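Residue numbers (our numbering), protein chains in the order written: chain A, 8 to 213; chain B, 8 to 213; chain C, 8 to 213; chain D, 8 to 213. Have a look at the structure below, then the notes.
Protein chains: 4
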Amino acid sequence: MPAAGSRRVPRAERERQMLDAAVATFARRGYRAASMDEIAEAAGVSKPLVYLYLNSKDELFSACIRREAESLTAAVRDAVEVGAPPEGQLWSGLLGFFEHTAAHPDGWTILYSQARTVGEPFAAEVAVLRAEIVDFVAALIAAACGSQDVLGYAHALVGAAESLAGWAVSSPSPAGSGRDLATTLMNFAWSGLSDLIPPQDRPGLS
Amino acid sequence: MPAAGSRRVPRAERERQMLDAAVATFARRGYRAASMDEIAEAAGVSKPLVYLYLNSKDELFSACIRREAESLTAAVRDAVEVGAPPEGQLWSGLLGFFEHTAAHPDGWTILYSQARTVGEPFAAEVAVLRAEIVDFVAALIAAACGSQDVLGYAHALVGAAESLAGWAVSSPSPAGSGRDLATTLMNFAWSGLSDLIPPQDRPGLS
Amino acid sequence: MPAAGSRRVPRAERERQMLDAAVATFARRGYRAASMDEIAEAAGVSKPLVYLYLNSKDELFSACIRREAESLTAAVRDAVEVGAPPEGQLWSGLLGFFEHTAAHPDGWTILYSQARTVGEPFAAEVAVLRAEIVDFVAALIAAACGSQDVLGYAHALVGAAESLAGWAVSSPSPAGSGRDLATTLMNFAWSGLSDLIPPQDRPGLS
Amino acid sequence: MPAAGSRRVPRAERERQMLDAAVATFARRGYRAASMDEIAEAAGVSKPLVYLYLNSKDELFSACIRREAESLTAAVRDAVEVGAPPEGQLWSGLLGFFEHTAAHPDGWTILYSQARTVGEPFAAEVAVLRAEIVDFVAALIAAACGSQDVLGYAHALVGAAESLAGWAVSSPSPAGSGRDLATTLMNFAWSGLSDLIPPQDRPGLS
DNA sequence: GATGAATGAGGATTCATTCAT
DNA sequence: TATGAATGAATCCTCATTCAT
Numbered sequence: 008m009p010a011a012g013s014r015r016v017p018r019a020e021r022e023r024q025m026l027d028a029a030v031a032t033f034a035r036r037g038y039r040a041a042s043m044d045e046i047a048e049a050a051g052v053s054k055p056l057v058y059l060y061l062n063s064k065d066e067l068f069s070a071c072i073r074r075e076a077e078s079l080t081a082a083v084r085d086a087v088e089v090g091a092p093p094e095g096q097l098w099s100g101l102l103g104f105f106e107h108t109a110a111h112p113d114g115w116t117i118l119y120s121q122a123r124t125v126g127e128p129f130a131a132e133v134a135v136l137r138a139e140i141v142d143f144v145a146a147l148i149a150a151a152c153g154s155q156d157v158l159g160y161a162h163a164l165v166g167a168a169e170s171l172a173g174w175a176v177s178s179p180s181p182a183g184s185g186r187d188l189a190t191t192l193m194n195f196a197w198s199g200l201s202d203l204i205p206p207q208d209r210p211g212l213s
Numbered sequence: 008m009p010a011a012g013s014r015r016v017p018r019a020e021r022e023r024q025m026l027d028a029a030v031a032t033f034a035r036r037g038y039r040a041a042s043m044d045e046i047a048e049a050a051g052v053s054k055p056l057v058y059l060y061l062n063s064k065d066e067l068f069s070a071c072i073r074r075e076a077e078s079l080t081a082a083v084r085d086a087v088e089v090g091a092p093p094e095g096q097l098w099s100g101l102l103g104f105f106e107h108t109a110a111h112p113d114g115w116t117i118l119y120s121q122a123r124t125v126g127e128p129f130a131a132e133v134a135v136l137r138a139e140i141v142d143f144v145a146a147l148i149a150a151a152c153g154s155q156d157v158l159g160y161a162h163a164l165v166g167a168a169e170s171l172a173g174w175a176v177s178s179p180s181p182a183g184s185g186r187d188l189a190t191t192l193m194n195f196a197w198s199g200l201s202d203l204i205p206p207q208d209r210p211g212l213s
Numbered sequence: 008m009p010a011a012g013s014r015r016v017p018r019a020e021r022e023r024q025m026l027d028a029a030v031a032t033f034a035r036r037g038y039r040a041a042s043m044d045e046i047a048e049a050a051g052v053s054k055p056l057v058y059l060y061l062n063s064k065d066e067l068f069s070a071c072i073r074r075e076a077e078s079l080t081a082a083v084r085d086a087v088e089v090g091a092p093p094e095g096q097l098w099s100g101l102l103g104f105f106e107h108t109a110a111h112p113d114g115w116t117i118l119y120s121q122a123r124t125v126g127e128p129f130a131a132e133v134a135v136l137r138a139e140i141v142d143f144v145a146a147l148i149a150a151a152c153g154s155q156d157v158l159g160y161a162h163a164l165v166g167a168a169e170s171l172a173g174w175a176v177s178s179p180s181p182a183g184s185g186r187d188l189a190t191t192l193m194n195f196a197w198s199g200l201s202d203l204i205p206p207q208d209r210p211g212l213s
Numbered sequence: 008m009p010a011a012g013s014r015r016v017p018r019a020e021r022e023r024q025m026l027d028a029a030v031a032t033f034a035r036r037g038y039r040a041a042s043m044d045e046i047a048e049a050a051g052v053s054k055p056l057v058y059l060y061l062n063s064k065d066e067l068f069s070a071c072i073r074r075e076a077e078s079l080t081a082a083v084r085d086a087v088e089v090g091a092p093p094e095g096q097l098w099s100g101l102l103g104f105f106e107h108t109a110a111h112p113d114g115w116t117i118l119y120s121q122a123r124t125v126g127e128p129f130a131a132e133v134a135v136l137r138a139e140i141v142d143f144v145a146a147l148i149a150a151a152c153g154s155q156d157v158l159g160y161a162h163a164l165v166g167a168a169e170s171l172a173g174w175a176v177s178s179p180s181p182a183g184s185g186r187d188l189a190t191t192l193m194n195f196a197w198s199g200l201s202d203l204i205p206p207q208d209r210p211g212l213s
């Protein structure tokens, strides 16, 4: 097991080290404030090597986004129980989502906070990712309900999940485990708050 | 009514122009990428005047955050029907929220996307704002339900609202009016998705 | 006696206030580091008024130098006992010099430290002043001794006086009064250190 | 021996070139008026390289002061004949001092004129240097005389030396060689002016 | 595979100075 | 007499990026 800063490391591993350092640095400081010097030092290599392997700051950030996005989608994909009923798929997918974001807070920060604020090439990349998730969730909701006009609900559900994930990431203690978060969200999304309210107090909306 | 770029404007009005330009620029480009040159030009003044009135980029951004935060809080505060039952207060507050964010998308972007990613002084400022909102929402939910452990629900609800607001801001056409968004969210939050699902398909969670 | 910041002050007095403020500011911060803003504020007036009366930073500094130089020369001139023997003239002149520099440390700082380091127009002005003093001292020494090659001695004596004045200005307590300094210097210059040394230990120089 | 402006020079040599350029520039223009652009151009490198090696204008100036101060103290230390009687040590030390300042007028200007006027971090640095010199001279005088109250004499002697050095630096021709200056000063300091004066004309001071 | 040496370009900030009243 | 409003022109400093080894 070679030390992080050791010499003569094969390219694939060096790239992984660089991406790790870049993800951590971008998450902590933001795209513009993170300097290539900082990243190279965190990776334990010289700056020209970062350029040799990853070409530019833009491409480096892009590679970070791609890696973290694929890591997150893979985690959710693997967590979803194929063949289960839609609600079961949602439940297991949410569980996978919360567990992965809790385990990789820097990756989550990059995707959710940083990439959206940097500007066009990257914001679009994450927007695509998010749209895929929303569409996937919308399809599950539609499958469960039969209704078609569920895009708003899907957005609300995804936003609620993001908010809970961010809550858990920023203040780990009170937020609870991934399972707790998924439970909270499924209760919230499925039964709504009205289950907690006496019927006569419910607002007559819509 | 003097034109925006006219000479010899009283200080209060110039400051307003500068803040308008700064909010628009920061929203579009992010804190780091926005240059003071750009902001000054957008405000129709020279850079030294911006510094004379607002002292530094940090303070300028801080002033933007404060102004937009107060504007949003005031809009929601004024929209909430005091004396109404908690659900009614939530409904009217959400309505005010969606209408304000739709009317001031740049302000919303600054608070929601930019300020959180810049780093400590600013992230903390918006974190406080958001915590206040979550606490307020949690109090309303608790008042409506009698239950105490509602912080998770409040986070979910606020996140859902943010997501819908962001959806509406980024793609105005399909998202609908503020009223539509509020309706969607209240339906989602109150009745849950289960209303749309035949009872036998509901997952038995938790 | 009008307050320093009062309105509608006659020009002569305003100019005096400005020069006072400028001398103090230039002495404390140096020519380049002192800003016109700072000086105007210290004088209790607005910047355009400083320009109206004194035209530019250069001319303002020049006016400071001229005023302080004349003030110092006048003090020394008035102190010198005309008609006394050369040594008596030197003694009284030194006394006047030390008393004036002790009473006006900012003026001394400007002449001795600041003006020499700023660059050509000003350095030359003070160089002229200093050359006059050195020549005057040289004439007195020559008159007392009959010798002609006394320029080096005059430089040494003036430098010793400056050093003692700077010592007194920077650490007032141990240095003693103007009279003490003048006494020290006259002892040093007249009798030399050899008076304190047994004759057989004196080096055989030159 | 590569030319001063040649490419790819080892760091140590580049730093020396930069310090040379900085000393010359600071001496000629003063700390504030000297621009980093000017210094970099004088050193034959680009500005970022100056920052890469010397971090900031402050640190660059500080490095100049340290280098010149050490250079001067080393020259004097090496010139002093250890084991000689105190007057001999003074004589040889003065000789070393005058020869070094004559050979390095820019270094002398920085220490004597510039650093004292810039403000606190630097003024303190040279004040320490000067205090050491004064103390050293005072010790020699005390050793030669047996008297204790010689600090004033030491200040006078050092000031006289500084003045003569400045005279020699600013107008090289009439001032004479280092040996001449040292002779003048030792004559002045040891025998005083009274040797040149008929006894009956001497003032009876203190 | 890896790096020390080097730079063009741009950004935040300050300052002396003027104009209109 | 006096000032609030305004700016052109630097200046310090940083950063992404490349070259020669």
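Ideal Cβ placement from N, Cα and C applies to all residues, glycine included. Given the structure is predicted, the values throughout are model-derived calculations rather than measurements.
Cut-off 8 angstroms between Cβ atoms - residues of its own chain near residue i, not counting five sequence neighbours on either side
{"i": "residue 82 (chain D)", "result": "103, 104, 106, 107"}
{"i": "residue 118 (chain A)", "result": "72, 75, 76, 79, 133, 136"}
{"i": "residue 98 (chain B)", "result": "189, 193"}
{"i": "residue 199 (chain D)", "result": "none"}
{"i": "residue 128 (chain A)", "result": "65, 69"}
{"i": "residue 24 (chain D)", "result": "11, 16, 50, 51, 52"}
Contact set for residue i: own chain, Cβ-Cβ below 7 angstroms, skip 5 residues either direction
{"i": "residue 37 (chain B)", "result": "121"}
{"i": "residue 148 (chain D)", "result": "157, 160, 161"}
{"i": "residue 53 (chain B)", "result": "47"}
{"i": "residue 28 (chain C)", "result": "46, 49, 50"}
{"i": "residue 100 (chain D)", "result": "83, 86, 87"}
{"i": "residue 26 (chain D)", "result": "70, 71, 74"}
{"i": "residue 123 (chain A)", "result": "130, 133"}
{"i": "residue 155 (chain C)", "result": "149"}
{"i": "residue 39 (chain C)", "result": "none"}
Distance between beta carbons of residue j and residue i, contact taken as under 8 angstroms
{"i": "residue 22 (chain A)", "j": "residue 60 (chain A)", "result": "5 angstroms"}
{"i": "residue 75 (chain A)", "j": "residue 170 (chain B)", "result": "No, residue 75 (chain A) and residue 170 (chain B) are not in contact; Cβ-Cβ is about 20 angstroms, not under 8 angstroms."}
{"i": "residue 49 (chain C)", "j": "residue 70 (chain C)", "result": "Actually they do not touch by this definition, with Cβ atoms about 15 angstroms apart."}
{"i": "residue 111 (chain A)", "j": "residue 63 (chain A)", "result": "Not a contact, Cβ separation roughly 24 angstroms."}
{"i": "residue 109 (chain A)", "j": "residue 185 (chain A)", "result": "5 angstroms"}
{"i": "residue 167 (chain B)", "j": "residue 167 (chain A)", "result": "4 angstroms"}
{"i": "residue 142 (chain B)", "j": "residue 34 (chain B)", "result": "Rounded, the Cβ-Cβ distance is 27 angstroms, inconsistent with contact."}
{"i": "residue 115 (chain A)", "j": "residue 176 (chain A)", "result": "6 angstroms"}
{"i": "residue 172 (chain A)", "j": "residue 94 (chain A)", "result": "In fact, because the Cβ distance is near 20 angstroms, the residues do not count as touching under 8 angstroms."}
Cβ neighbours of residue i in the same chain (closer than 6 angstroms, five flanking residues each side left out)
{"i": "residue 196 (chain C)", "result": "164"}
{"i": "residue 44 (chain C)", "result": "none"}
{"i": "residue 8 (chain A)", "result": "Summary for residue 8 (chain A): the model assigns pLDDT 37, below 50, so the residue's position carries little reliability; its value from the coordinates is reported in the next sentence. Result list for residue 8 (chain A): empty, nothing under 6 angstroms."}
{"i": "residue 19 (chain A)", "result": "none"}
{"i": "residue 92 (chain B)", "result": "none"}
{"i": "residue 67 (chain B)", "result": "29, 61"}
{"i": "residue 41 (chain D)", "result": "32, 33"}
| query | Does the pairing of the segment 153-162 of chain C with the segment 122-138 of chain C give three or more beta-carbon distances under 8 angstroms? | reply | The answer is no - the segment 122-138 of chain C does not touch the segment 153-162 of chain C, with fewer than three Cβ pairs under 8 angstroms.
| request: Please go through the segment 124-202 of chain C and give each complete alpha helix (DSSP H) segment of 4 or more residues, from N-terminal end onward. | output: Here the runs fully enclosed are 127-152, 158-177, 179-182, 185-198.
| field | Contained alpha helix (DSSP H) runs [length at least 4] in the segment 23-102 of chain C, N- to C-terminal order | value | Those alpha helix (DSSP H) runs which fall completely within the segment 23-102 of chain C and span 4+ residues are 43-50, 54-61, 64-86.
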